Structures are given as structure tokens and as C-alpha cells.
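The block underneath contains the structure these notes are about, expressed in C-alpha cells.
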Amino acid sequence: MSSTSALQAADPDIHELVLKEARRQDECIRLIPSENYVSPAVLEATGSVLSNKYSEGYPGRRYYEGQEFIDRIETLAIDRAKALFGAAHANVQPYSGSPANQAVYLALLEAGDTVMGLGLPFGGHITHGLNVNFSGRIYRSVGYEVDRDTHRIDLDEVEDIARRERPKLIFCGGTAYPRIWDFAGFAEIASAVGAVLVADIAHISGLVVAGAHPHPFPHAGIVTTTTHKTLRGPRGGMILSDGTYAKELDRAVFPGLQGGPHDHTTAAIAVALREAATEEFRAYAHQIVANARALAQALDGHGFRLISGGTDNHLILMDVTKRGINGKPAAQALNRAGIECNYNTVPFDPRKPFDPSGVRIGTPAVTSRGMREAEMPSIAAWIDRVVANADDETEIARVRAEVTEFCRAFPAPGIRV
Ligand SMILES: *Cc1c(COP(=O)(O)O)cnc(C)c1O
Numbered sequence: 000m001s002s003t004s005a006l007q008a009a010d011p012d013i014h015e016l017v018l019k020e021a022r023r024q025d026e027c028i029r030l031i032p033s034e035n036y037v038s039p040a041v042l043e044a045t046g047s048v049l050s051n052k053y054s055e056g057y058p059g060r061r062y063y064e065g066q067e068f069i070d071r072i073e074t075l076a077i078d079r080a081k082a083l084f085g086a087a088h089a090n091v092q093p094y095s096g097s098p099a100n101q102a103v104y105l106a107l108l109e110a111g112d113t114v115m116g117l118g119l120p121f122g123g124h125i126t127h128g129l130n131v132n133f134s135g136r137i138y139r140s141v142g143y144e145v146d147r148d149t150h151r152i153d154l155d156e157v158e159d160i161a162r163r164e165r166p167k168l169i170f171c172g173g174t175a176y177p178r179i180w181d182f183a184g185f186a187e188i189a190s191a192v193g194a195v196l197v198a199d200i201a202h203i204s205g206l207v208v209a210g211a212h213p214h215p216f217p218h219a220g221i222v223t224t225t226t227h228k229t230l231r232g233p234r235g236g237m238i239l240s241d242g243t244y245a246k247e248l249d250r251a252v253f254p255g256l257q258g259g260p261h262d263h264t265t266a267a268i269a270v271a272l273r274e275a276a277t278e279e280f281r282a283y284a285h286q287i288v289a290n291a292r293a294l295a296q297a298l299d300g301h302g303f304r305l306i307s308g309g310t311d312n313h314l315i316l317m318d319v320t321k322r323g324i325n326g327k328p329a330a331q332a333l334n335r336a337g338i339e340c341n342y343n344t345v346p347f348d349p350r351k352p353f354d355p356s357g358v359r360i361g362t363p364a365v366t367s368r369g370m371r372e373a374e375m376p377s378i379a380a381w382i383d384r385v386v387a388n389a390d391d392e393t394e395i396a397r398v399r400a401e402v403t404e405f406c407r408a409f410p411a412p413g414i415r416v
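Shown next, in the form of C-alpha cells:
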């Protein structure tokens, strides 16, 4: 590990903090649904000399010299993305999921045009029209909600709003929606009102390519995703499309929004896409869903109130207030016990976003460690004990010791402690 020794010699402070973070990731049960463990191969590509290169433009059309290898790397990433997602066009340069969405706006809308997305309090993303985000400040945004009783998206309501508001762009996809997205249903509505449908599959792209969630193609013309959530690649973003707006989208990413692409990330995305095309990854993605279902069932057995009553994907949103605790203190107590999650609003939450009623958890990271359905009841039982004893530091320390011991049996990919 010569690079680690170099870091140690050059900057012991950062070196030590990276080591501590590695140990933390190794010793805790990581349930944040947007997080994962990437493979050693993805880590190696991310930390490579490609970080030294500038390559504004696209393969074969660069503004800097010395691109003979960079062009081949980006072309591999594009070709693998197109093949894996069944897309006619792919752009792998967006720096992350938010810039990928921003590029879609820039490609298709003028300031003041109307965009429609799932409201943030109902599980949408900030880039789908939140008032303090660029998407809600520059564009006119209208939101749809989930049903008050079922917590599911009601396509009749979506259609009513779309017919009334006439958006140019309709986003489907979210960050805290535990159910299947009906891409075909959204496509019908978009086509009826003359809108372009964008499926933002940032959270679920790994499930989609593995067939563990329905595919947005051919229903959505444009698909955006992060590369670091269930897809298990480096931090990055991609735009995939049916090709209709390929030119506009590419121009929006560069030079519309960004300068030079992060070539080290592009290489790591290519590696992750190759991994995601394997039978092993397919099994992994299906296991994520099976684990989430088993975890939801076990939590339900402990009396937790699950939003929408359960899950179809990798994530679970639960209202913990019935257990006499709010989302934030619950998430903090769980973290002290070595169980990492995040507090989250629940649909129609009477509480504020910085101390909401809910906790959001998911199974991508624990599944990457090889945990299966059999392990989920233990995790649910620890969550139950912590929530019931959030003020009892002795009990929390006991859980933490058990969690650390439990994690030893499931080595975290990419981490050597
Ligand atoms: C995570 C996420 C994004 C943004 O990703 P960043 O990489 O954090 O910018 C966009 N859309 C959805 C639905 C997401 O879940």
C-alpha cells in the first residue's frame, strides 16, 4: 500500500482521519439507502493518475492534446452504459446526480418554463423543483404528492395536475419512495400533455439494470442517475436517453454547465458498469430487495409504522413518533449504537425537516457485505432496542459491542483494516 504510506508521510492528519473513517465504515451497520461500498477495482480507478488529465469536450472532439487513452476510456464508459441500460445515447460526464438533472433543464427548458416533480416532503429530490434549489428558483415548478392513506403515487392526481399546469418536463423518481415507479403510466400522462418524461433513477439504477425494478425505457425519453448508489460505482452522474435530445443534452453538460470531465471518475464508472453487467451483480441487486423486504417485515413485527406499509425496493421509510421518539434523536441514538441511518420527513409530516418524524433506512450497503435475509431480524431487533432505550447509554453501548462483533463476520468490500 505505497500510496497509503505516501499519504501518511505527507499528511498524517488526513491519513489518520481516512483510516478512522475506514474503520467506522467497517464496524457499523450502514443503512443509509443512498450509500454503498464500492469494489477495490472501482477505488483503484478513482485514485488513479487519470486525476491529472484535462479533457474538455467529447471523445474525438477535445480541446486539449494527449487524449489517446482518455478517449478510449470515455468511449468504453459510454458504450457500456448504452449496452447496460439499453440506451441510444449516454453522457457519462455529469459530476454527480444533481448536475445531471441540471443539464436536462438546461437542454430542454427556458427560465420560467414549467416543470413537475414529486414534492420533497413526499420523497422527491431537491432538483425536482424545490423552491430553494435552482430548479424551483429558475423554473416554475409544480409538485405532485403521494396519497394520504396509501402513501403511493396516485396517477389520476398526477394527470389532473399535468393537464392543468401543462409542464414541459415531468420528473418521476425520488429519494424516499419505497414503491415501484409506474413509468408507463407517467409516459401516458406526459404524452397527453406534450411533456418530456425524465426518469431520475438515482437510487434504483442498480436494481433497474438487474431487472429487480421495472425499466424506465422505452417509457421515458431521458433517464438520469447517480453512479454511486445501488449501481455501486464512484460518485458521479449519467444521462441516458433515446437519442431524441442527444445533441442538446451533450451541449448542456459541456460547455453549458461544466468544464473538464473528471476522467478518473469516468474510468471508475466504466469499471462499475462492467461489474454491473455480471450475473453476480444481478444476484446482488435481487438480494438487496429481498433483504429490504425481510427487514421491513421484521420491523413491522416490532410495531414500527412503515410508510406505505412496506417496500418494493431497497429502502424503508418509517414513522418513529408512535414509539415516543422523533426522527432525529432516533437516528442519533442508532448512530451511537453503530447503526447508521438518516432522519427523514414522512408524507404529510407535521414536524419540521430538521427534526422530522421519520427514519430512512436501506439495504444496499449491508447486502454488499454479504448479509442476507437471515441477518435482517437481528438488525431489526437492534433498531428496536435502541429506539426503546435511546436515553440509556449503557444499553446503547451494549448494542454497539454486539454490532461491531456481528460486522466482523461480513468483511466490507474495499476496506482492509
Ligand atoms: C441522490 C439523488 C440525486 C442527486 O445526486 P447527487 O449525486 O447527490 O447530486 C438526484 N436525484 C435523486 C432522485 C437522488 O436520489
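For the sequence shown, numbering that gives the first Met the number 0 gives the first residue as 0, with consecutive numbering after it.
Glycine included, every Cβ here is placed at the ideal spot set by N, Cα and C.
In this text the structure is predicted, and so the values were computed from the model without any measurement.
With DSSP collapsed to three states, give me the class of C422.
-> Because the chain here runs from 0 to 416, residue 422 falls outside it and cannot be looked at.
Cα separation between I324 and Q331?
-> Put simply, the backbone Cα of I324 is about 11 Å away from that of Q331.
Inter-residue spacing [alpha-carbon to alpha-carbon] between H218 and A183 = CA-to-CA, the gap between H218 and A183 works out to about 5 Å.
Report yes if the CB atom of A271 is closer than 8 Å to the CB atom of R322, and no otherwise.
-> Contact: no.
Range covered by the alpha helix (DSSP H) that runs through G184 | Unbroken alpha helix (DSSP H) run through G184: F182 to V192.
CB S377 to CB T320, shorter than 8 Å?
-> Contact flag unset, no.
Compute the Euclidean distance between the alpha carbons of R397 and I28, then round it to the nearest angstrom.
-> Going from the Cα of R397 to the Cα of I28 covers about 15 Å.
Between which two residues does the beta strand (DSSP E) containing D199 stretch?
-> Annotation: the continuous beta strand (DSSP E) that includes D199 extends over V195 to D199.
Does any C-beta atom of chain B lie closer than 8 Å to the C-beta of I69?
-> Absent from the structure is chain B; it holds one protein chain and no more.
Give the secondary structure of R231 by DSSP, where H, G and I count as helix, E and B as strand, and everything else as coil.
-> Correct three-state label for R231: coil.
Within 10 angstroms of the Cβ of N341, are there 16 or more other Cβ atoms? Answer buried if so, exposed if not.
-> Burial call: buried.
What is the DSSP secondary structure of H14, reduced to helix, strand or coil?
-> Assignment of H14 by DSSP, reduced to helix, strand and coil, places it in the helix class.
Roughly how many whole angstroms lie between the Cα atoms of F121 and R350?
-> Between F121 and R350, the C-alpha separation is close to 13 Å.
Say the cut is 7 Å; is the CB of G173 nearer than that to a heavy atom of ligand 1?
-> Set against 7 Å, the gap from the CB of G173 to the closest heavy atom of ligand 1 is smaller.
Kindly confirm or deny that the region 265-283 and the region 250-257 touch, where touching means at least three C-beta pairs closer than 8 Å.
-> Verdict: no, contact absent.
Can you tell me the Cα-Cα spacing of I221 and G309, whole angstroms?
-> For the pair I221 and G309, the Cα-to-Cα distance works out to about 29 Å.
Segment limits, alpha helix (DSSP H) that includes V207 | Looking at the DSSP string, the run of the alpha helix (DSSP H) that includes V207 is S204 to V208.
If you drop the 5 nearest sequence neighbours on each side, which residues of the same chain put their C-beta closer than 8 Å to that of P412?
-> Excluding residues within five positions, the ones whose Cβ falls inside 8 Å are Y36, V37, S38, P39, S367 and R368.
Taking T74 as the reference, which of A269, P363 and A245 has the closest Cα?
-> With distances taken between Cα atoms, T74 lies closest to A269.
Rounded straight-line distance, which links the Cα of R60 to that of S190 | Using only the alpha carbons, I get a separation of about 35 Å.
Coarse secondary structure for A5, derived from DSSP in three states = DSSP places A5 in helix when its eight states are reduced to three.
Of all the options V17, P98, L6 and Q7, which has the alpha carbon lying nearest to the alpha carbon of P260?
-> In terms of Cα proximity to P260, the closest of V17, P98, L6 and Q7 is P98.
Pick helix, strand or coil for M0, following the three-state DSSP scheme.
-> Bear in mind that a pLDDT of 44 at M0, under 50, signals an unreliable position, so the model cannot answer this.
Can you give me the Cβ contacts of L119 inside the same chain, cut-off strictly under 7 Å, excluding the 5 residues immediately before and after it?
-> Excluding sequence neighbours, L119 sits near I125 and L129.
Should the region 146-154 be called in touch with the region 289-308, which here means at least 3 C-beta pairs below 8 Å?
-> Result yes; three or more Cβ-Cβ pairs closer than 8 Å.
Please go through the same chain and pick out, in chain order, the residues whose beta-carbon is closer than 6 Å to the beta-carbon of L154, but skip the five residues on each side of it.
-> Excluding five sequence positions before and after L154, the CB atoms of its chain that fall closer than 6 Å to its own CB belong to G184, given in chain order.
Could you pull out every residue in the same chain whose Cβ sits closer than 8 Å to the Cβ of T229, ignoring the five residues on either side in sequence?
-> Short of 8 Å from the beta carbon of T229, and not among the five residues preceding or following it, lie these beta carbons of its own chain, in chain order: N35, H202, I203, S204, G205, L206, A284, I287, H313 and P363.
Measure from the alpha carbon of E187 to the alpha carbon of each residue in C171, R399, D199 and G111, then state which is nearest.
-> Taking the Cα of E187 as reference, the smallest distance to any Cα among C171, R399, D199 and G111 is reached at C171.
Please list the segments of the beta strand (DSSP E) lying wholly inside the region 349-376, counting only runs of 3 or more residues, in order along the chain.
-> 357-361, all fully within the region 349-376.
Return yes when at least one heavy atom of ligand 1 lies under 7 Å from the C-beta of A82, else no.
-> In terms of side-chain proximity, the C-beta atom of A82 is found no nearer than 7 Å to any non-hydrogen atom of ligand 1.
Mind checking whether the beta-carbon of T225 lies closer than 7 Å to any heavy atom of ligand 1?
-> Yes.
Going straight from the alpha carbon of E394 to that of L316, what length do you get?
-> Straight-line Cα distance between these residues: approximately 25 Å.
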